[in-house]
């Protein structure tokens, strides 16, 4: 199952499949490898230095094993924390990161009230605050770090149902009323969240524009694809790998729905069994 020249998508869980969905439309002719670091899910509660070290160590094995032409970090937490470290550790490897869509939100808002719904880790990052400083200085941006929404999204993806009251509790802080104005844009700064957006719309106190960055990430990958090996599927099959080595059967079925067969297990040290 060794894939030379494929595109590797990486996330803490299966939320990165929201990016894969868009990428398959724009880049249909490449082999795909999906890696879910489910053994460490969720990333939002990790101590930064420990998570950074884990990611660099894990990618040492992933790049040696799969030799991807391009890596898409389909995870805001991993990107805002460690993509600079990954690029430094592996300077010959092209990476596409995922960052909160603060610039397009600032350009589209009419009320000037924008919320960024993210994991606690993404909210804490200086990278996120720099985006606000650089692109949203004229807006009121509320950062909302959800402790539970990524878990709820994974539950919904596995089981097809979710506690809507719990979803409401997680999104309520996003909705601000100020001087007769209301929040009109919520940035979904976690790739898990788009899978839950219909429930968010249902539980929202008023309609807002929910910005999902999946298409933008796929377009960035497309822009780099001119430097990839010639198009043409080499293996004919795409594989999803889980660092736990024993993902729930529902997760395997969900990945299969996005075109992935079950791959080998990947150990924290970067080895594969």
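In my numbering, the protein residues as written are 9 to 281. Where a beta carbon is used, it is the ideal one built from N, C-alpha and C, also for glycine.
Option in the options with minimal Cα separation from residue i
i	options	result
residue 126	227, 202, 213	202
residue 159	145, 32, 174	174
residue 153	62, 79, 198	198
residue 63	73, 75, 48, 77	48
residue 149	94, 188, 137, 23	137
residue 50	179, 31, 34, 252	252
residue 184	119, 69, 129	119
residue 144	182, 39, 109, 196	109
residue 135	259, 180, 226, 85	85
residue 266	99, 245, 139, 151	245
residue 16	82, 65, 60	82
residue 30	157, 230, 141	230
residue 14	211, 93, 70, 65	70
residue 93	52, 211, 67	67
residue 114	141, 182, 250, 210	141
Secondary structure of residue i, DSSP reduced to three states
i	result
residue 69	helix
residue 22	coil
residue 264	helix
residue 172	helix
residue 277	Interpretation of residue 277 is limited by its pLDDT of 47, a score under 50 that renders its predicted location unreliable; the figure taken from the coordinates is listed afterwards. Residue 277: coil per DSSP, three-state reduction.
residue 87	helix
residue 10	Only weak support exists for where residue 10 lies, its pLDDT of 39 falling under 50; the value from the coordinates is given anyway. In this structure, residue 10 counts as coil in the three-state DSSP scheme.
residue 101	coil
residue 28	helix
residue 196	strand
residue 16	strand
residue 131	helix
residue 37	coil
residue 47	helix
residue 189	strand
Rounded C-alpha distance that separates residue i from residue j
i	j	result
residue 207	residue 163	13 Å
residue 194	residue 215	10 Å
residue 117	residue 189	11 Å
residue 76	residue 155	33 Å
residue 161	residue 170	8 Å
residue 9	residue 146	For residue 9, the pLDDT reaches just 38, beneath the cut-off of 50, and the residue's location in the model is therefore unreliable, although a value from the coordinates is still provided. In a straight line, the C-alpha of residue 9 is about 51 Å away from that of residue 146.
residue 112	residue 261	34 Å
residue 102	residue 19	16 Å
residue 259	residue 24	13 Å
residue 121	residue 36	38 Å
residue 223	residue 200	14 Å
residue 74	residue 187	54 Å
residue 124	residue 131	8 Å
residue 178	residue 55	22 Å
residue 61	residue 264	30 Å
residue 133	residue 80	20 Å
Contact check, residue i vs residue j, beta carbons under 9 Å
i	j	result
residue 218	residue 205	yes
residue 191	residue 106	no
residue 41	residue 247	yes
residue 22	residue 46	yes
residue 104	residue 139	no
residue 256	residue 166	yes
residue 180	residue 213	yes
residue 27	residue 226	yes
residue 129	residue 59	yes
Residue interval of the beta strand (DSSP E) (run including residue i)
i	result
residue 230	Segment 222–232 is the alpha helix (DSSP H) holding residue 230; no beta strand (DSSP E) there.
residue 209	Here residue 209 belongs to no beta strand (DSSP E); instead the alpha helix (DSSP H) covers 205–211.
residue 78	78–81
residue 125	121–126
residue 248	246–250
Residue interval of the alpha helix (DSSP H) (run including residue i)
i	result
residue 116	110–116
residue 44	Where residue 44 is concerned, there is no enclosing alpha helix (DSSP H), although the beta strand (DSSP E) it sits in stretches over 40–44.
residue 138	134–143
residue 150	First-last for residue 150: 148–153, but that is the beta strand (DSSP E), not the alpha helix (DSSP H).
residue 158	157–167
Residue i beta carbon near the ligand COA (any heavy atom closer than 8 Å)
i	result
residue 76	In the structure shown, the ligand COA is absent, as is every other ligand, since no ligand is present at all.
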